[in-house]
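Just so you know, we're using UniProt numbering here: the sequence shown kicks off at 1 and counts up by one.
Just so it is clear, CB atoms sit at the ideal spot from N, CA and C, and this is done for glycine as well.
No experiment lies behind these values; they were computed from the predicted model shown.
Step one of this worksheet: look at the structure below.
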Amino acid sequence: MVSPQITNLAIILVMMQLSKKVPFDNPDVLMGVRALYILSNVLIVGIYLWTQAKINSKKDMTTLKYVEPAPMGAGEEAKPVTTTNMDYDKGQLRQLFRSQLMGVGMMGVMHLYMQYTNPLLIQSIIPLKGAIESNLVKIHIFGQPATGDLARPFKAGGGFMSQGAPKSDKASIEAAEKNYRGGVKEE
C-alpha cells in the first residue's frame, strides 16, 4: 500500500499545477474556492465530532500504561503515564482539533493578510485526507481493531523535532516508574 506521505506529495504537486490554471482574479471563482475550503473544514470538524461521540459512547475504561518520551533537549527523564483508552483517545482528539485550528489560523493569515489564494485548493484536500486517515477515525468510525499500527499508544510520525515514540513494553514501564521522580527536585 502507498504511504500517506507519498500520496500527499502527489496531491500537492497535482494541485499546484491545477491552481496555476484557476482564474483566481475572477471573484466568482475565488468565492467558490473559499467555499470549498470552508466546506472541507466543516467536514473535518464533523468527522472529529462524530469520533468524539463514538469515544464517549464506548466508554472504554481499559487501563493503558506507557512511557512518554522526554522532550528533546530538556534533560528530563521519560515519564510513565497511566490512563484509560477513553482518556487517551480524548487527548489525541484534542490534539487533532488543535492542529486543525492552527492550520485554519495559518491559512487565514496567508489568505486574508498576505493575499495568497493557491494554498486554498491544497488545504481543501490534504487536511480532509489526514482526518480520514487518522488513527482515531480508523478505530472509532471505520471500526478497525486497535492492533498493530492502530494499537495505543499511537506511534508518533517521525518528524524533524520528533521526541520519539511512546514505549508500552513492560520493561520500559517498570524502569520509568522506578526512575521517575514525579516532579520532585533535588537540592
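Annotation: Val-104 to Leu-18 spans about 22 angstroms, alpha carbon to alpha carbon. Fewer than three pairs of CB atoms, one per stretch, sit closer than 8 angstroms, so the segment 57–77 makes no contact with the segment 111–130.
According to the DSSP assignment, Tyr-66 belongs to the beta strand (DSSP E) that extends over 63–68. In the DSSP assignment, Pro-80 falls within the beta strand (DSSP E) that extends over 79–84. Contact between Ile-139 and Ala-131 does not hold, since the beta-carbon distance rounds to 14 angstroms and is not under 8 angstroms.
In this structure, Leu-136 sits near Leu-93, with a CB-CB distance shorter than 8 angstroms. Residue burial annotation: Thr-51 is buried, with at least 16 other C-beta atoms found within 10 angstroms of its C-beta. In its chain, beyond the 5 residues on either side, Thr-82, Ile-173 have a beta carbon closer than 6 angstroms to the beta carbon of Lys-65. For Pro-27, the uninterrupted alpha helix (DSSP H) segment begins and ends at 27–58. Annotation for Leu-128: Ser-40, Leu-43, Ile-44 place their beta carbon closer than 7 angstroms to its own, counting only its chain and skipping 5 residues before and after. Secondary structure at Lys-155: coil, using DSSP grouped into helix, strand and coil. DSSP links Lys-167 through a beta bridge to Val-67. Per DSSP, the continuous alpha helix (DSSP H) segment holding Pro-127 begins and ends at 119–132.
Less than 8 angstroms separates the beta-carbon of Ile-55 from that of Met-86.
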